[in-house]
Each structure stands twice: as structure tokens, then as C-alpha cells.
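Asker:
2 protein chains.
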Amino acid sequence: MPEPADLIPELAALSTSKIVLVVMDGLGGVRTQDRASELSEAKTPSLDALAAAGMSGVHTVVAPGITPGSGAGHLALFGYDPLVFELGRGALSAAGVGFALKAGDVAARVNFCTLDSSGNVLDRRAGRLSTEENQRLCAKILAECDLGGRAELSLQTERDHRALLVLRGDNLSPQVSDTDPQLVGVPPREPSALAEEAAGTAAVVADLLSQVGRILAGESANHLLLRGFDTLRPIPSFKQRYLLDAFGAAGYPMYLGIARLLGMTVAPATSTFDEQVAQLESNYDGFDYFYLHHKKTDSAGEDGDFDSKVAAIEEVDQQISRIADLAPDVLCITGDHATPSPLRGHSWHPVPFLMLGQRVGVDATAKFDEESSRQGGFGHILAKDLMALMMAAAGRLTKFGA
Amino acid sequence: MPEPADLIPELAALSTSKIVLVVMDGLGGVRTQDRASELSEAKTPSLDALAAAGMSGVHTVVAPGITPGSGAGHLALFGYDPLVFELGRGALSAAGVGFALKAGDVAARVNFCTLDSSGNVLDRRAGRLSTEENQRLCAKILAECDLGGRAELSLQTERDHRALLVLRGDNLSPQVSDTDPQLVGVPPREPSALAEEAAGTAAVVADLLSQVGRILAGESANHLLLRGFDTLRPIPSFKQRYLLDAFGAAGYPMYLGIARLLGMTVAPATSTFDEQVAQLESNYDGFDYFYLHHKKTDSAGEDGDFDSKVAAIEEVDQQISRIADLAPDVLCITGDHATPSPLRGHSWHPVPFLMLGQRVGVDATAKFDEESSRQGGFGHILAKDLMALMMAAAGRLTKFGA
Numbered sequence: 000m001p002e003p004a005d006l007i008p009e010l011a012a013l014s015t016s017k018i019v020l021v022v023m024d025g026l027g028g029v030r031t032q033d034r035a036s037e038l039s040e041a042k043t044p045s046l047d048a049l050a051a052a053g054m055s056g057v058h059t060v061v062a063p064g065i066t067p068g069s070g071a072g073h074l075a076l077f078g079y080d081p082l083v084f085e086l087g088r089g090a091l092s093a094a095g096v097g098f099a100l101k102a103g104d105v106a107a108r109v110n111f112c113t114l115d116s117s118g119n120v121l122d123r124r125a126g127r128l129s130t131e132e133n134q135r136l137c138a139k140i141l142a143e144c145d146l147g148g149r150a151e152l153s154l155q156t157e158r159d160h161r162a163l164l165v166l167r168g169d170n171l172s173p174q175v176s177d178t179d180p181q182l183v184g185v186p187p188r189e190p191s192a193l194a195e196e197a198a199g200t201a202a203v204v205a206d207l208l209s210q211v212g213r214i215l216a217g218e219s220a221n222h223l224l225l226r227g228f229d230t231l232r233p234i235p236s237f238k239q240r241y242l243l244d245a246f247g248a249a250g251y252p253m254y255l256g257i258a259r260l261l262g263m264t265v266a267p268a269t270s271t272f273d274e275q276v277a278q279l280e281s282n283y284d285g286f287d288y289f290y291l292h293h294k295k296t297d298s299a300g301e302d303g304d305f306d307s308k309v310a311a312i313e314e315v316d317q318q319i320s321r322i323a324d325l326a327p328d329v330l331c332i333t334g335d336h337a338t339p340s341p342l343r344g345h346s347w348h349p350v351p352f353l354m355l356g357q358r359v360g361v362d363a364t365a366k367f368d369e370e371s372s373r374q375g376g377f378g379h380i381l382a383k384d385l386m387a388l389m390m391a392a393a394g395r396l397t398k399f400g401a
Numbered sequence: 000m001p002e003p004a005d006l007i008p009e010l011a012a013l014s015t016s017k018i019v020l021v022v023m024d025g026l027g028g029v030r031t032q033d034r035a036s037e038l039s040e041a042k043t044p045s046l047d048a049l050a051a052a053g054m055s056g057v058h059t060v061v062a063p064g065i066t067p068g069s070g071a072g073h074l075a076l077f078g079y080d081p082l083v084f085e086l087g088r089g090a091l092s093a094a095g096v097g098f099a100l101k102a103g104d105v106a107a108r109v110n111f112c113t114l115d116s117s118g119n120v121l122d123r124r125a126g127r128l129s130t131e132e133n134q135r136l137c138a139k140i141l142a143e144c145d146l147g148g149r150a151e152l153s154l155q156t157e158r159d160h161r162a163l164l165v166l167r168g169d170n171l172s173p174q175v176s177d178t179d180p181q182l183v184g185v186p187p188r189e190p191s192a193l194a195e196e197a198a199g200t201a202a203v204v205a206d207l208l209s210q211v212g213r214i215l216a217g218e219s220a221n222h223l224l225l226r227g228f229d230t231l232r233p234i235p236s237f238k239q240r241y242l243l244d245a246f247g248a249a250g251y252p253m254y255l256g257i258a259r260l261l262g263m264t265v266a267p268a269t270s271t272f273d274e275q276v277a278q279l280e281s282n283y284d285g286f287d288y289f290y291l292h293h294k295k296t297d298s299a300g301e302d303g304d305f306d307s308k309v310a311a312i313e314e315v316d317q318q319i320s321r322i323a324d325l326a327p328d329v330l331c332i333t334g335d336h337a338t339p340s341p342l343r344g345h346s347w348h349p350v351p352f353l354m355l356g357q358r359v360g361v362d363a364t365a366k367f368d369e370e371s372s373r374q375g376g377f378g379h380i381l382a383k384d385l386m387a388l389m390m391a392a393a394g395r396l397t398k399f400g401a
């Protein structure tokens, strides 16, 4: 039986209509005994006016009780069922530093760490070394390490103690075990092949790590721990799947990276939502679909900082009328998952959304928050179905069946 | 594609948190032109307080319009999709009399019946003979019947005219046809093999029935009708699937049997909810997950006895604060299906549930009944998804996707 999501590529039609999706990362919250959610408490006159002008609902991102990572949450909002499609940790990490992973590349997440004189892990994060120190050590390794033509090495600073390692070459395999023991007081694990075809790759990694041990000798961060070996997974682009020319604007490389993996044209990273809206405005004529990503709501939720999450929501509220003024055929505002500040992390709770446009319809909801949205005209849906609703409202899906 | 439910075993994580599930059998009801539901009319100050302190919702047990049996209803509440997993009628019957069915055993449901002098069925229930008479006749058959080593016979009284037959031996097959013609005035059907490998088993059953005819000659209940030949179906345990050490308390052997089939440790059957709560209290330190089953709500509904169902609900209300006082990380209260007394039987109607705990969240619901729960924060879910929500709220599910 075909899954509903697979209908979209079949039914997608060209149009001149425009769709804007605004993602406030980790938008969803929960009421506790003590306090309403951040979105309930935030002063959002503009968002409330949009809720009144359109229809609201809530979406479960993956499935009831399932807490999504950022990759899964975004895939769902982009209409790619996260139970079918996977970005992979390597691809996400590469996206996170803006590295253009190619088919066949093998990527892994890197922690700079400190080993004691017996070779046991003393600190898995090398005292959370500075980003500058991380950059210096990456350059040192790249200058001195020689893999003898078996693979081309990239090592790119992420932030603090984290970096991305990429091997590029022929016949590489991501089936290599983590070397990060996830514990202190024990030595790093040897990289080993998890499948026969990965024996060569495991040997390259072992040689690399042995050289790194010599190159970093005497440094406080004197070794690397590797985990999450992965490769680029093929995923159909927005253009293939939806016939949409898509544009992405975000403040963090990872979200731009996800957009790029789906074939969107991305703007340079910006630091405020205000600037993202400006990028949208200046590119409005050139694209069909626009994705704006606001990170601060999630960061504040992860920090357990209720007031900062409220402020991050209000920051969007203050700019949102500029987007509405462009009069896109469909404007949808939501989050990629909940990050309730009382929980200090991602959660499984349903996320409110609002959508407006000529063909969307209007419900009685006049406030944008969890409790009002639950009563909205869209009811409770799965996040992966939002994209079809947006395309339908944009007149971009033809009739199903005779 | 993995179904959402299959994610749970992948994402399950160990924790010291505790989960309590209270099942009021057949809890769900319906408002009619004449009267509200039993749960609406019951005086439930404690349940209402819990609803106010947590979040509510309703669940459809299997699928819209589908009336579940007890096995399917419980599997769903335990997070086993009833469209994927099956307990089997034989296993359920065995559970019902507390018989520990082993792999390879073949079980069937038994009716004592009365045949006339021509060998036609006169009464399919032998005048609903007494449980004591049933026990006497089972003992008589077991004493005199000899299957010559081809199979070991068990015959265990259930109640009234009903019993359980189990054959234990090598190479037995459940692919044997019913002998119960479901009609009077015709002879019982011959047991026949429904698959080649069942020829031996069918012959054993035919021999058994021929001996039973002689052994019961002259009795008022002078023969057995067999149906629902079945064997134990493998089903993953709670421990395997959820990493939970589970404890079950119930008043009826069948519900303890279901709990046992899933690997739960079960308490001796008790007659009141009060005693089940005491069993929970005294075992609270030893387990992670607790299942309490209250039967009277269903029995009253099946009898069409509105007031008794109200009383059965109020019986739980009077004890429930003892459970809340244990402060489990997650407390969920619901039913395994609806048994509206105006319908005098199980029904397909959605069943209200409430859940509370630190990570659950709070909604505006302040009454535990069908109409309030429909407005609750969980919305309308499938029963099979309740388990993931409980585990998530107990901090026992890791993040999905990168």
C-alpha cells in the first residue's frame, strides 16, 4: 500500500505560487503545575493576528512519545517521512560545519581529548578547549599527517572540542566502529571493521590515529576520539520531489546544511531573525519556497531559560508582519519539535502550527499557543503531512484518482 | 518501513523511574439521549484531581469502528500493536485458567454438551452445568482416557460448561478443525487436519473424543465440543522490548495470564481493587512498571448495569490516591476498551485516559470523563501509542535521529 507521503511527488504540479515556512526551533512547550508554556506567556500580537486570519493545529513530529533530533524534525517539516528518510549523523555533522560531503566520503564526529601517560582517557573534551586552539591543532594535524594516497583527509573545526573528520577516496566504507569509549579511565577503542568491506578503511583510521598521537604529543589536547562514522545518504531534492525552487535562510550552519542537502539555495548564515527576513525579502522573486530557521527558541529551551525562550519568540513576532506583507500564497509558522524549558531538552510533545493563505481556510483560533492550536481547524496531524497541506493550499497538488 | 511502535525497542533506555498503569476494564462509555456515560455520572473527586494535575486524551483501541477483545485491548495498552501481535485464543484461554502453556502445546476451548440418542447436539452447553459438575467430569475423563503416549492430556475446568483442553507432545499441530458445529440437531463435526502436518494431531483428537463418548455415557453432559485449536505464539517480553521489570496485579486469572505471557511477575489473584493496590504497595520497590487490572467496570457494563459500573468506577476512585501517594514518575489510568452499559458489551468507542508525572505536562482538563478527555492535551491517539508516551514521560526513551 502506498504511504500518503509518496503521493506528493506524483501529484506535484508547477505553479507561480509562493510558500514560506518559518521554523522556530524547539518552539513547542508544556504547561506545568507552575506555569504556562513559553508561547502562551509570550506577547505575540502579530502571530496571534495571523492565527486569527488562518487555521491552526498541532503536529506530532515523528510518532507519539518519540523525541526527534534536529535532522528528523526538519525532514518531517519538509515532508520527508523521518521513518523512511534519514540524513545520517555524518551528513548532519558535515552540514553543521558547511562541509560539502560527496557520495563515497566517510565522515565522523571528532572530540579532541586528553589521554594520561598510560594512554587512558583523562578528559573526553580536553578541558573544552577553545575554538581557536581546536583550529590550530586541526591545521597541525593536516600539515603533518600523511595517509600515503589511500585517502584524502579533511579535519574541520566545529566549535570548542568538536570537529569533523572526512576521508575521501576510493572504496571507503563507513562500517567502522567508534573509538570514543564514552568513559574516562580507559584507553580509546581501536577502530575496527563492522563489515568485511570496511577492513581497509579501519586500517586507514588506525594509521591516522597513530600519527595523530605522535603529532599531538605534548599538547594538552593530545588525541582524537571518533564516533558516528557515516556517509552521504541519497535523498531526493525539493526540486525533484515537489517541483519547488527552494531558498533557505538560517543562523546556524547545520540548518543551512540540511537545506543544502535537499537542494535548496542557501543564504549566508546570519545572526538575527531580522537579517533572515531581509534575505527572504531580497530573494523573494527568485524562488517558490522559503525556509527560515530561528535557533534561539531551542537554545533557550535547552538551557532551561524560560524568559529567553519567551524573548526569542517575541523576536520573531516583531518581524513576522514583514513576511506577511509579502503576501505569500501560503505562510506556515511552527517548530521542528518541542524544547520545553522545564525539561531542558527536546521532547515528544506536539508542536503548534498556524497556516494562512487564500485557500487555507479560517478557524476560530485567535491566539498562537499550544492550547489554542489544539482546538484549531487542522486538528492533530503528523509533521510529515504539513508539506502536503502547504502545497495543496498553494495550488501545487493535482487531484488524486479519477 | 518500521512502524512507529517498532522504534520503542530501539530507543528504550534503562532508568530508575517507575510507571503505573491502572486498567479499568471496559471503562469507556457513551452518552445516550437518556443519560451521560457511567464515568460522567460517577463521583470521582480523586480521579478528577489527577486529571487536573496531568494531561488527558482519548484512545482508539485498535482502529475506528473495531471492537476489541480483551487480548487485543491489553496488547494495545502494553504497546504491542494488536494488528501485528496476537496472543491467540488458545493462549488466552490457557491464561484464563492460569494454565502455563508451553511452546508446542496445542490448546482448544471446550464446551461440555448434551448429545441425543442419535448423536445429534441437543444442548451446546449441557444445561450450563455447574462448575462443580464440570470439575467432576474433567477428573473422570483424565482418570480413564488413555492416548497411548502420543500426547499428554490436560483438561481444566474454566466455569459452568467451559473448560480448556491442552495436548502436550512432540510434533503436535494446531491446524485442526473445530468439532463444535455451532448448531443443535446435527452431530459434532469430525476433527480434521487443516494442514498436512496436523494429520497425527487430528487422529489423536478423534481418538480422544471417541473415548470421551464412552467415558461420559449416561451423564447428562455426555460429550465435548472443541473449538479454537491454537498454540503458544512467541511474543517479546516487557523486559526485552522495553527494558522494564514489570509487575501485574489482577482479580481474574486471564489478566494475570496475559501479564505472565509478557513476562511480568504476577501477584496472586485478589477480589478487590483495594487488595491490588496493597500488592502494588508491597512490591513497589522491586519493579519498574506496574499493571493493575480492575474487572468490575467491564462485568457491570456487560450486564447492562449502569449503576454497578458507576460503583465499580467509584471503588477505584476511593483507592487511587494511595497510588498517587507513591509518586510514580508516570501514572496512567484508562481502560482496555469501552463497555457501555446501554450496549451490554464491548464497543469500538474511544476510551478516556489521563496521565500525570513531572514530564507529562498539564492541560485544562479537570474532570475524568469521555467529554473532558476529548479536549485534553493528548488529543485522540491509538492505544498502542500510550506505552511510548508513558516511557517518554518516564525518561526511558532516547532521542530519535541525529
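Residue numbers (numbering that gives the first Met the number 0), protein chains in the order written: chain C, 0 to 401; chain E, 0 to 401. Note that CB positions come from ideal geometry on N, CA and C, so glycine has one too.
(1) Determine the direct distance from the alpha carbon of Ile65(E) to that of Leu38(C), and round the result to whole angstroms.
(2) Return the bridge partner residues of Arg158(E) from the DSSP annotation.
(3) Whose C-alpha, out of Gly256(C), Lys294(C) and Lys139(C), is nearest the C-alpha of Ser307(C)?
(4) Would a check of beta-carbon distances place Val22(C) closer than 8 Å to chain E?
(5) Helix, strand or coil for Arg124(C), going by three-state DSSP, please let me know.
(6) Using CA coordinates, which residue listed in Arg127(C), Gly256(C) and Gln318(C) is at the minimum distance from Glu274(C)?
(7) Can you say whether Ala12(E) is buried or exposed, counting buried as having 16 or more other CB atoms within 10 angstroms of its CB?
(8) Asp159(E) and Arg123(E) - do their beta-carbons sit closer together than 8 Å?
(9) Apart from the five residues just before and just after Asn119(E), which ones in its own chain have a Cβ nearer than 8 Å to its Cβ?
(10) Counting only beta-carbon atoms, is Phe352(E) nearer than 8 Å to chain C?
(11) Give the DSSP-derived three-state secondary structure of Ile332(E) in the structure shown.
(12) Residues of the stretch 352-381 of chain C with a CB closer than 7 Å to any CB of chain E: list them in chain order, please.
(13) Pull up the distance between the alpha-carbon of Phe228(C) and that of Ala393(E), whole angstroms please.
(14) In three-state DSSP terms, what is Asn282(E)?
(15) Using the beta-carbon of each residue, which ones in chain E are nearer than 8 Å to Lys255(C)?
(16) DSSP three-state call for Arg226(C): helix, strand or coil?
(17) Quick check on Met0(E): buried or exposed, where buried means 16 or more other Cβ atoms within 10 Å of its Cβ?
(18) At what residues does the beta strand (DSSP E) containing Arg406(E) begin and finish?
(19) What in chain E is Cβ-close to Gly300(C), meaning under 9 Å?
(20) Here's the rule: buried if 16 or more other CB atoms are within 10 angstroms of the residue's CB, otherwise exposed. What is Lys383(C)?
(21) Apart from the five residues on each side of it in sequence, which residues of its chain come closer than 6 Å, Cβ to Cβ, to Ser371(E)?
(22) Which residue from Pro190(E), Lys101(E) and Asp169(E) puts its Cα closest to that of Asp179(E)?
(23) Rounded C-beta distance between His292(E) and Tyr241(E)? I'm assuming under 8 Å.
(24) Leaving out five residues on either side along the sequence, give the residues of the same chain with a beta carbon under 7 Å from the beta carbon of Leu349(C).
(25) Does DSSP classify Ser236(C) as helix, strand or coil?
(26) Grab me the residues of Phe237(C)'s own chain with a C-beta within less than 7 Å of its C-beta, minus the 5 sequence neighbours each way, in chain order.
(27) When burial is assigned at 16 or more other CB atoms within 10 Å of the CB, is Glu369(E) buried or exposed?
(28) To the nearest angstrom, how far is the alpha carbon of Ile214(E) from that of Pro63(C)?
(29) For a quick check, are the C-beta atoms of Phe111(C) and Ala142(C) less than 8 Å apart?
(30) For a contact meaning CB atoms closer than 9 Å, what does Gln32(C) contact in chain E?
(31) Can you look up Ser346(C) in the DSSP assignment and give me helix, strand or coil?
(32) If we cut at 8 Å on Cβ distances, does Ala138(E) have a partner in chain C?
(33) Against Leu396(E), what residues of chain C qualify as contacts under a CB-to-CB distance less than 9 Å, listed in chain order?
(34) For Asn133(C), is the classification buried or exposed, using 16 other Cβ atoms within 10 angstroms of its Cβ as the cut-off for buried?
(35) Going along the stretch 335-346 of chain C in order, which residues come within less than 8 Å of chain E, judged by CB to CB distance?
Answerer: Reading it off the structure:
(1) For the purposes of this step, residue 38(C) is taken as the residue at position 39 of the first sequence. For the purposes of this step, residue 65(E) is taken as the residue at position 66 of the second sequence. Leu38(C) and Ile65(E): Cα-Cα distance of roughly 38 Å.
(2) Reading the second sequence from its first residue, position 159 is the one you call residue 158(E). Answer by DSSP bridge pairing, in chain order: Arg161(E).
(3) Locating residue 307(C) in the first sequence gives position 308, counting from the first residue. Of the listed residues, the one whose Cα sits closest to Ser307(C) is Lys294(C).
(4) The residue given as residue 22(C) occupies position 23 in the first sequence. Not an interface residue.
(5) The count along the first sequence starts at 1 and reaches residue 124(C) at position 125. It is coil, neither helix nor strand.
(6) For the purposes of this step, residue 274(C) is taken as residue 275 along the first sequence, with counting starting at 1. For the residues Arg127(C), Gly256(C) and Gln318(C), the minimum Cα distance to Glu274(C) belongs to Gln318(C).
(7) On the second sequence, residue 12(E) is found 13 positions in, with the first residue counted as 1. Flag for Ala12(E) reads exposed.
(8) Counting from one through the second sequence, the residue named residue 123(E) turns up at place 124. Counting from one through the second sequence, the residue named residue 159(E) turns up at place 160. In this structure, Arg123(E) lies away from Asp159(E), with their beta-carbon atoms at least 8 Å apart.
(9) Along the second sequence, read from residue 1 onward, the residue named residue 119(E) stands at position 120. For Asn119(E), same chain residues with a beta-carbon under 8 Å away, outside a window of 5 residues either side, are Val183, Gly184, Val185 and Pro186 in chain order.
(10) For the purposes of this step, residue 352(E) is taken as the residue at position 353 of the second sequence. For Phe352(E), the answer is no, since every Cβ of chain C falls outside 8 Å of its Cβ.
(11) Position 333 of the second sequence holds residue 332(E). Here Ile332(E) sits in strand by DSSP.
(12) Of all residues in the stretch 352-381 of chain C, only Glu370, Arg373 and His379 place a beta-carbon less than 7 Å from a beta-carbon of chain E.
(13) Position 229 of the first sequence, counting from 1, holds the residue named residue 228(C). Position 394 of the second sequence, counting from 1, holds the residue named residue 393(E). Straight-line Cα distance between these residues: approximately 31 Å.
(14) Locating residue 282(E) in the second sequence gives position 283, where the first residue counts as 1. Asn282(E): helix per DSSP, three-state reduction.
(15) The residue labelled residue 255(C) in the question sits at position 256 within the first sequence. According to the sequence shown, residue 255(C) is Leu rather than Lys. Those do not exist, as Leu255(C) stays about 16 Å from chain E at its closest Cβ, beyond 8 Å.
(16) Mapped onto the first sequence, residue 226(C) falls at position 227. Arg226(C): strand per DSSP, three-state reduction.
(17) Within the second sequence, numbered from 1, the residue matching residue 0(E) stands at position 1. Reliability fails at Met0(E), whose pLDDT of 42 lies under 50, so the model's placement of it is uncertain and the value that follows must be treated cautiously. By the neighbour-count definition (other C-beta atoms within 10 Å, threshold 16), Met0(E) is an exposed residue.
(18) It is not possible to answer for residue 406(E), since the shown part of chain E is limited to 0 through 401.
(19) Residue numbering aside, residue 300(C) sits at position 301 when the first sequence is read from its first letter. Simply none; closest approach about 14 Å.
(20) Reading the first sequence from its first residue, position 384 is the one you call residue 383(C). Looking at its Cβ environment, which holds 16 or more other Cβ atoms inside 10 Å, Lys383(C) is buried.
(21) Locating residue 371(E) in the second sequence gives position 372, counting from the first residue. Take Ser371(E), set aside five residues on each side of it, and the residues of its chain with a beta-carbon closer than 6 Å to its own are Thr364, in chain order.
(22) Counting from one through the second sequence, the residue named residue 179(E) turns up at place 180. Residue nearest to Asp179(E) within the set Pro190(E), Lys101(E) and Asp169(E) is Pro190(E) (criterion: CA-CA distance).
(23) In the second sequence, residue 292(E) corresponds to position 293, counting from 1. In the second sequence, residue 241(E) corresponds to position 242, counting from 1. Contact flag wrong, Cβ pair sits at about 18 Å.
(24) Within the first sequence, the letter at position 350 stands for residue 349(C). As written in the sequence, residue 349(C) is Pro, which differs from the Leu given in the question. Cβ within range, chain order: Gly27, Val57, His58, Thr59 and His379.
(25) Working through the first sequence from its first residue, we reach residue 236(C) at position 237. DSSP places Ser236(C) in coil when its eight states are reduced to three.
(26) Counted from its first residue, the first sequence places residue 237(C) at position 238. Cβ neighbours of Phe237(C) beyond the five flanking positions: Leu243, Ala245, Leu261, Gly262, Met263 and Tyr288.
(27) To locate residue 369(E), count along the second sequence from 1; it is residue 370. By the neighbour-count definition (other C-beta atoms within 10 Å, threshold 16), Glu369(E) is a buried residue.
(28) Position 215 of the second sequence, counted from the first residue, corresponds to residue 214(E). Position 64 of the first sequence, counted from the first residue, corresponds to residue 63(C). Here the alpha carbon of Ile214(E) sits roughly 57 Å from the alpha carbon of Pro63(C).
(29) Taking the first sequence and counting its residues from 1, one reaches residue 111(C) at position 112. Taking the first sequence and counting its residues from 1, one reaches residue 142(C) at position 143. Not a contact, by the Cβ cut-off of 8 Å.
(30) Here residue 32(C) refers to the residue found at position 33 of the first sequence. Against chain E, the beta carbon of Gln32(C) has neighbours under 9 Å at Ala52 and Val361, listed in chain order.
(31) Here residue 346(C) is taken as the residue at index 347 of the first sequence, counted from 1. Strand, per DSSP.
(32) Position 139 of the second sequence, counted from the start, is the residue given in the question as residue 138(E). So no, Ala138(E) is outside the interface.
(33) Counted from its first residue, the second sequence places residue 396(E) at position 397. Near Leu396(E) (Cβ distances below 9 Å), the residues of chain C are Gly64, Ile65, Thr66 and Trp347.
(34) Sequence index remark: in the first sequence, residue 133(C) carries index 134 (1-based). Buried, by the Cβ-count rule.
(35) Taking 8 Å as the upper bound on Cβ-Cβ separation, chain E lies near residues Pro339, Leu342, His345 and Ser346 of the stretch 335-346 of chain C.
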